[in-house]
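Asker: Going down the list, the protein sequences come from chains A and B.
Read in our numbering, the first sequence has 54 at position 54, and its numbers run on one by one without any break.
The number in our numbering is simply the position in the second sequence, starting from 1, with 1000 added.
Before I ask anything, let me first share the structure, which is written out below as structure tokens.
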Amino acid sequence: AQTVTQSQPEMSVQEAETVTLSCTYDTSESDYYLFWYKQPPSRQMILVIRQEAYKQQNATENRFSVNFQKAAKSFSLKISDSQLGDAAMYFCAYRSPFGGANSKLTFGKGITLSVRP
Amino acid sequence: GAGVSQTPSNKVTEKGKYVELRCDPISGHTALYWYRQSLGQGPEFLIYFQGTGAADDSGLPNDRFFAVRPEGSVSTLKIQRTERGDSAVYLCASSLDIGTSGTQYFGPGTRLLVL
């Protein structure tokens, strides 16, 4: 079974600075999908970014980028120019490459990010 | 509707009671997932529907939990004889593809409190 580990329960960043959130995972599959989701106090889980393991290039979405290290099974999220609206819980998630019954997400415990004005 | 909706937003019940939680997926999404999120934890998978059928119910904790999706759209998660340990946020997600690339879109969840 796959596992996802987020070992930092909390992080804080100054507004406009850069912060990196860590995630490691364990799997025996060679291909898979990785995600970062944001969950503000409203509880709505919002997709931030996704990475396909077969792609060497790190995914980027505006101020959000990932550092995907497949051999190390590491998938960190970098938030540049942090904004007050970035404050939320962030979850790292894994998905098998197969569809259907194998398409469920496996989440880490999450990290609470606070942004200081 | 623009996104996944869930009702009720909050539900308080007494131990031993029966509850139903509803999920309205994004129109046209064939895949539907239920997850449970306990306080301070990440969501944990409960059950997955492809159309009307439960393709994977391996995450349901015991036989007090049951879910249906009779017409392939709205789904209802049913919990019998609720226990205090069932208190959590129940999240629903839907996906367009049944293939390998479907992104899951989440609803705002139902917070269940069992007294």
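For each residue, glycine too, the CB sits at the ideal point set by N, CA and C.
As the structure is a computational prediction, the values presented were derived from the model and not from experiment.
Where does D1062 (chain B) sit, in a helix, a strand or coil, going by DSSP?
Answerer: In the sequence as presented, Asp is not what sits at residue 1062 (chain B); that position holds Asn. Reduced to three states, the DSSP call for N1062 (chain B) is coil.
Asker: Starting from the Cα of F68 (chain A), find the closest Cα among A:E10, A:T24, A:M89 and give me that residue.
Answerer: Selected option, being the one with the closest Cα: A:T24.
Asker: Helix, strand or coil for L84 (chain A) per DSSP?
Answerer: Note: L84 (chain A) maps to helix in three-state DSSP.
Asker: Touch check for the region 1004-1015 of chain B and the region 1052-1063 of chain B: three-plus C-beta pairs under 8 Å?
Answerer: Contact between the region 1004-1015 of chain B and the region 1052-1063 of chain B is absent, because fewer than three Cβ pairs lie under 8 Å.
Asker: Just confirm the distance between the C-beta atoms of L1113 (chain B) and V1012 (chain B), as a whole number of angstroms; I'd bet it's less than 8 Å.
Answerer: Yes, they are in contact, since the Cβ atoms of L1113 (chain B) and V1012 (chain B) sit about 5 Å apart, within 8 Å.
Asker: So T27 (chain A) and S76 (chain A) are supposed to be a Cβ contact under 8 Å. How far apart are they, rounded?
Answerer: Wrong, their Cβ atoms sit about 17 Å apart, outside the cutoff.
Asker: When the distance is taken between beta carbons, is Q39 (chain A) closer than 8 Å to P1108 (chain B)?
Answerer: Taking 8 Å as the Cβ cut-off, P1108 (chain B) and Q39 (chain A) do not qualify as a contacting pair.
Asker: Residues in the region 1072-1096 of chain B with C-beta within 8 Å of chain A's C-beta atoms, listed in sequence order?
Answerer: Cβ contacts with chain A come from V1089, L1091, A1093, S1095.
Asker: Can you tell which of B:F1106, B:Q1104, B:R1081 has the C-alpha that lies nearest to the C-alpha of K1015 (chain B)?
Answerer: Looking at the Cα atoms, B:R1081 is the closest of the given residues.
Asker: Could you pull out every residue in the same chain whose Cβ sits closer than 7 Å to the Cβ of A16 (chain A), ignoring the five residues on either side in sequence?
Answerer: Correct list, in chain order: D81, S82.
Asker: Identify each residue in the region 1014-1036 of chain B for which the Cβ-Cβ distance to at least one residue of chain A is less than 8 Å, and report them in chain order.
Answerer: From the region 1014-1036 of chain B, only A1031, Y1033, Y1035 have a Cβ closer than 8 Å to chain A.
Asker: What distance in whole Å lies between the Cβ atoms of G108 (chain A) and V4 (chain A), which are believed to be in contact at a cut-off of 8 Å?
Answerer: Confirmed, about 4 Å.
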